[in-house]
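All remarks here apply to the structure that follows.
There are 2 protein chains.
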Amino acid sequence: MRESRADRSRLAVVRLLRERGTMSRADIARHVGLSRSTVSGIIAALVADDLVVELEAKLTPAGGGAGRPGAAVMLNPASGEAIGVDFGYRHVHVIIANVAHAVRIAKSVRLPVGYDPGTGFDVAADLVRGAIEEAGTDPSRILGVGVSVPGPFDTKRGVPASGMPSPWAGIPVAVELAGRLNLPVLADGDTKLGALAERRWGAARGLDEFVYMKLHGGVGGAFVSNGQLARGVNGGAGEIGHLVVDATGPLCRCGNRGCLETFVGLSVVMRALEPTYGDRLTLRNVITMAWQGDRGCIRALSDAGTMAGRAVGMLGNILNPQSVIIGGALSAAGELLMGPLREAAAAASLPLAGDAMTIQVGALGPQACALGAVAMVLGETDEKLLAAMGT
Amino acid sequence: MRESRADRSRLAVVRLLRERGTMSRADIARHVGLSRSTVSGIIAALVADDLVVELEAKLTPAGGGAGRPGAAVMLNPASGEAIGVDFGYRHVHVIIANVAHAVRIAKSVRLPVGYDPGTGFDVAADLVRGAIEEAGTDPSRILGVGVSVPGPFDTKRGVPASGMPSPWAGIPVAVELAGRLNLPVLADGDTKLGALAERRWGAARGLDEFVYMKLHGGVGGAFVSNGQLARGVNGGAGEIGHLVVDATGPLCRCGNRGCLETFVGLSVVMRALEPTYGDRLTLRNVITMAWQGDRGCIRALSDAGTMAGRAVGMLGNILNPQSVIIGGALSAAGELLMGPLREAAAAASLPLAGDAMTIQVGALGPQACALGAVAMVLGETDEKLLAAMGT
DNA sequence: CCTATTTGTTTGGTCCTTGACTAATCGCGG
DNA sequence: CCGCGATTAGTCAAGGACCAAACAAATAGG
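Put into structure tokens, the structure is as follows:
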């Protein structure tokens, strides 16, 4: 079971195929730095073990113009599946996807705001079991379960970070769920996973320099630099909710004034509208009313966008990303939010950074974090696929 | 001249030896992922070509306690040298160091503030020629010249970034100097190189998550995440001078209010003291007077520290680094600056980030950027060393 | 002194590359 | 339309790079 050079090569090929879908052998060779002949041999072995399938389709050669077309190969979708669980603001989302990154099942259950993690685990476990049954998946083919937890995540200790009041702080999420499901479980923060998902499936596909900003209950974020997700020393990298956008602004639960989170985020927007619109308001209502021309709702969303935009501008100056992706529930407001956001960001960023940066809504909507959890599992379990080889 | 597998392996070994100085063969094997036997063979070849020397010294084995001690090997210092040029606020610094990262010559010439880049190139070229002569170095053994340019650097186009008024903007620095010296020249921004130097020689040695902040004429910075220097898409990553620390603050040349640069930096500090102390003041004077108890000078430094500290706190929240290194001329003020800086940073950062972060003065002083330029050259020219092999 | 541990070297065999060859397509001119 | 060169994909054989395993050398700790 010691990993030989051949094992590492196979692993590199599998990983590449998972990340990029279908490729030709020559393409793979270029990307992993092996020769075409070696890759041919590896692919032949993987095909023999049903881990890889060769498609009818032909791929245009690399030179663009002339040349023999390559035969498309991809991971056999039947060789494994991964489950993503997203503990959201007031939902639990569950997704099953195969190694080809195709979503097979997506389920969701609504919970009361501020629900207890314990009940969350129970609900999630039921949901996962139901989804497995519905998908008809053999449990032995499930590579693992990924969990998305709201708020920052202490990567070193493997639990949601404490220090900020949160019902999740310090709870060993992976252990709890693994116990209920008897499956391997991985966990990480929602924003990191959202960024991962947007990079693999969504608006940041293939980007090596981008920022993901989640405008949800609170405000969080993550960023990819040099093609790698930044975690920082504690997993706190990218947590931008407490960037100060107005030093004279309202007090924040963190003890400072004018944090981004005191201006943006679902709870702030709703609370601003409550006096005039009552407390039966939902975000969906606010957005439709805004589109119908309601000045108050328009203003609430545009104010949030402006403040978020200032933060985006600052982040742009610091990180100089190619793109900023806005996710989370608030991003459903579309241009009502994004217009002011873009404007404020342009004003707050230097030309060097601002001109190079596009700002757009995430492409995955509410599924982002669950998809990211799946991507995390798939990213960590390529070895498992290979372990089943060479019987 | 195509790079074979063997070439790549040799390169990996040389690179590792350069970055880490002296190591045992077993150590090298662990770090580059080759077997001990292969490394032995590579080292033997390198020794035969005088690129590597074996020392008398023995290194304690990895396990700590028992075991045969390893034989220390290192790059042959005589196998190559690199030159670093730092175009500073009002100096040009030149350094020559060998592949073992040992500084052999350091020279410096003072120029008027805001000097013209053209004269800067002329002065630097003379200085470099003088240093080469003084060192008695055979020009064929010079691997290259690294240049540190003030302000952000557009990595993609290879010139100092425009957009901000600066005499350096858009000037093809490397080409200019290469023409005058007839040597290969590389260039990058001062802050990136300062960070590189502190990582290799200074206060951030070996750290994979840290921020470098240069408090000099203006304010700049850089950061390393996941062990890699962040550049962003245009090379603007880390440029923190225009982080907004007080939205109601004074107008900045960038068009915003309250940028860090309007509060911190040599010119701001000096201008604040000018009305009472006259315009003959130097930073050195201010610092000595402050140490002697002069309230005005103390306050000017502490104000700068406080504002810088707020920015450090915000950066800490966003990047969650292990360490923040303060460089640049102002850092010579020591605790007069750092005390208030640390205090403000602690207040502005979340516990998750703040508790994990140490803040300290850079260890390299005014040589930092020139050393970084040397490190850049050495980091890019390992291939050249090997090219001379196998005659 | 003896055991446990780690380094550096040797050796047979595995993995991978190089270089050649065939296969498949494009673009061109006829 | 066809044939032809140019270009790229995939495969095969020969040789080189690398590894695993075993061994000798050198130390620490009993």
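Protein chains in written order, with this note's numbering: chain A, 1 to 391; chain B, 1001 to 1391. A virtual CB, placed ideally from N, CA and C, is assigned to each residue, including glycine. Here the structure is a predicted model, which means the values were calculated and not measured.
Sequence-distant residues of its chain with Cβ nearer than 6 angstroms to residue i (five each side left out)
i, result
"Ser4(A)", "none"
"Arg1342(B)", "Ile1359"
"Met1(A)", "Below a pLDDT of 50, predicted positions are generally treated as unreliable, and Met1(A), at 45, falls in that range; the measurement from the model is reported next regardless. Once the five neighbours on either side are set aside, Met1(A) has no close Cβ partner at all."
"Thr1306(B)", "Pro1340 and Ala1344"
"Val361(A)", "Ile326 and Ser331"
"Ser162(A)", "Ala169 and Gly170"
"Val1094(B)", "Val1085, Lys1107, Leu1127, Val1128 and Ala1131"
"Ala1423(B)", "Residue numbering for chain B in the displayed model covers 1001 to 1391; residue 1423(B) lies beyond these limits and cannot be assessed."
"Leu1350(B)", "Asn1317"
Span of the alpha helix (DSSP H), counted from its first residue to its last, around residue i
i, result
"Asn1317(B)", "Arg1295 to Leu1319"
"Ile1043(B)", "Arg1036 to Ala1048"
"Lys58(A)", "Counting along the chain, Lys58(A) falls outside any alpha helix (DSSP H), though it belongs to the beta strand (DSSP E) covering Val52 to Leu59."
"Val1245(B)", "Val1245(B) -> no alpha helix (DSSP H), and no H or E assigned at all."
"Val1269(B)", "Leu1266 to Tyr1277"
"Ala1353(B)", "Pro1351 to Gly1354"
"Ala1338(B)", "What sits at residue 1338(B) in the sequence shown is Met, not Ala. Element bounds for Met1338(B): Glu1335 to Ala1348."
CB contact flag (residue i, residue j, <8 angstroms)
i, j, result
"Leu1186(B)", "Ala1174(B)", "yes"
"Ala300(A)", "Leu273(A)", "yes"
"Ala72(A)", "Leu51(A)", "no"
"Val1324(B)", "Met1213(B)", "yes"
"Ala1348(B)", "Met1314(B)", "yes"
"Val1092(B)", "Gly1120(B)", "yes"
"Gly146(A)", "Ala373(A)", "yes"
"Leu319(A)", "Ala1237(B)", "yes"
"Leu266(A)", "Leu283(A)", "yes"
"Ala311(A)", "Leu260(A)", "yes"
"Phe263(A)", "Ala290(A)", "no"
"Cys1297(B)", "Ser1148(B)", "no"
"Ala222(A)", "Gly194(A)", "yes"
"Leu1011(B)", "Asp1294(B)", "no"
"Ala1026(B)", "Arg1036(B)", "yes"
"Gly151(A)", "Ser166(A)", "yes"
"Met392(A)", "Pro321(A)", "Outside the displayed span of chain A (1 to 391) sits residue 392(A), for which this structure offers no information."
First and last residue of the uninterrupted beta strand (DSSP E) at residue i
i, result
"Ile95(A)", "His91 to Asn98"
"Arg1129(B)", "It is not in any beta strand (DSSP E) - Arg1129(B) instead sits in the alpha helix (DSSP H) that spans Pro1117 to Ala1135."
"Ile1105(B)", "Val1103 to Arg1110"
"Thr1022(B)", "Where Thr1022(B) is concerned, there is no enclosing beta strand (DSSP E), given that its DSSP letter is neither H nor E."
"Ser148(A)", "Ile142 to Val149"
"Leu1186(B)", "Val1185 to Gly1189"
"Asp1086(B)", "Glu1081 to Phe1087"
"Gly70(A)", "Gly70 to Leu75"
Sequence-distant residues of the same chain with beta carbon closer than 7 angstroms to residue i, five excluded per side
i, result
"Gly1067(B)", "Pro1061"
"Arg1199(B)", "Arg1205, Leu1207 and Val1224"
"Leu34(A)", "Ser9"
"Pro1139(B)", "Ile1132"
"His31(A)", "Leu16"
Contact set for residue i: own chain, Cβ-Cβ below 8 angstroms, skip 5 residues either direction
i, result
"Val99(A)", "Arg18, Leu75, Asn76, Pro77, Ser79, Gly80, Glu81, Ala82, Leu143, Leu378 and Leu385"
"Ala1247(B)", "Arg1257 and Gly1258"
"Leu1281(B)", "Met1270, Leu1273 and Glu1274"
Beta bridge counterpart(s) of residue i as assigned by DSSP
i, result
"Tyr1212(B)", "Ala1222(B) and Ile1325(B)"
"Phe967(B)", "Nothing about residue 967(B) can be read from this structure; chain B reaches only from 1001 to 1391."
"Arg257(A)", "Leu251(A)"
"Ile359(A)", "Val324(A)"
"Leu229(A)", "Val224(A)"
Original post:
Using a beta-carbon distance cut-off of less than 8 angstroms, what residues from the region 187-217 of chain A approach chain B?
Top reply: Of all residues in the region 187-217 of chain A, only Glu209 come within less than 8 angstroms of chain B when Cβ atoms are compared, listed by chain position.
**OP:** Give, in chain order, every residue of the region 308-328 of chain A whose Cβ lies closer than 8 angstroms to some Cβ of chain B.
**Re:** Among the residues of the region 308-328 of chain A, those with a Cβ less than 8 angstroms away from any Cβ of chain B are Arg310, Met314, Leu315, Asn317, Ile318, Leu319, Asn320, Pro321 and Gln322, in the order of the chain.
**OP:** Closer than 7 angstroms, Cβ to Cβ, to anything on chain B: give me those residues from the region 248-260 of chain A, in chain order.
**Re:** So the close ones are Thr248, Cys254 and Asn256.
Original post:
Mind listing which residues of the region 232-243 of chain A have their C-beta closer than 8 angstroms to chain B's C-betas, in chain order?
Top reply: Only those residues of the region 232-243 of chain A whose C-beta falls short of 8 angstroms from the nearest C-beta of chain B are listed: Gly232, Val233, Asn234, Gly235, Gly236, Ala237, Gly238, Glu239, Ile240, His242 and Leu243.
**OP:** Report the residues of the region 1013-1047 of chain B with a CB closer than 7 angstroms to any CB of chain A, ordered along the chain.
**Re:** Taking 7 angstroms as the Cβ-Cβ cut-off, the region 1013-1047 of chain B has no residue approaching chain A.
Original post:
Residues in the region 1339-1358 of chain B with C-beta within 7 angstroms of chain A's C-beta atoms, listed in sequence order?
Top reply: Correct list: Ala1348, Leu1350, Pro1351, Leu1352, Ala1353 and Ala1356.
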